[in-house]
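Remarks on the structure that follows.
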Amino acid sequence: MHRFKDLEIWRLSRRFCPDVYNITASFPETEKFGISNQLRRASVSIPSNIAEGCSRKSKKDFSRFLEIAIGSMYEVETQLLISNDLKFIHKNELNYLLDKLDSIIKMTSKFKSTIK
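Position 37 of the sequence shown, counting from 1, maps to 37 under the UniProt record's numbering, and the rest follow consecutively.
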């Protein structure tokens, strides 16, 4: 069993959430319950699933929650790309967020491969 607060992947994904909240604050008001809300929820689910996985007694269960977190990461990536397509975020903001997210994805995938 791991202590989630000690995991770098949890700390990085937790720090990623305010980035998503800050960027979506500038989205059109019409997106308040649309992509803005979806992006926020997906970003919050990343550290949440890592933390919940840490509470599981088996490595298989923990690995499954890491898999869910990775799925949320790809969900966020897709939604950021769509937000850029819709001109809600600028290319430089998109690249900044995608670089951070890519780093978290790689670290989590590598960590997950050690949990067998």
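Each residue gets a CB set at the ideal place from its N, CA and C atoms; glycine is no exception.
Integer-rounded CB distance, given that Thr108 should sit under 8 angstroms from Ile9: Reading the sequence shown from its first residue, position 9 is the one you call residue 9. Reading the sequence shown from its first residue, position 108 is the one you call residue 108. Correct: roughly 5 angstroms between the Cβ atoms.
Ala51 in three-state terms, based on DSSP: For the purposes of this step, residue 51 is identified with residue 51 of the sequence shown, where counting begins at 1. The answer is helix: DSSP assigns Ala51 an H, G or I state.
CA nearest to the CA of Asn49, picked from Ser43, Phe33, Gly34, Ala69: Taking the first residue of the sequence shown as position 1, residue 49 is located at position 49. Looking at Ser43, Phe33, Gly34, Ala69, the one whose alpha-carbon comes closest to that of Asn49 is Ala69.
Contacts around Asp61, its chain only, beta-carbon distance under 8 angstroms, and the 5 residues preceding and following it disregarded: Here the question's residue 61 lines up with position 61 in the sequence shown. The residues are Gly53.
Proximity of Tyr21 and Arg40 at Cβ, strictly below 8 angstroms: Here residue 21 refers to the residue found at position 21 of the sequence shown. Here residue 40 refers to the residue found at position 40 of the sequence shown. Between Tyr21 and Arg40, the C-beta spacing is below 8 angstroms.
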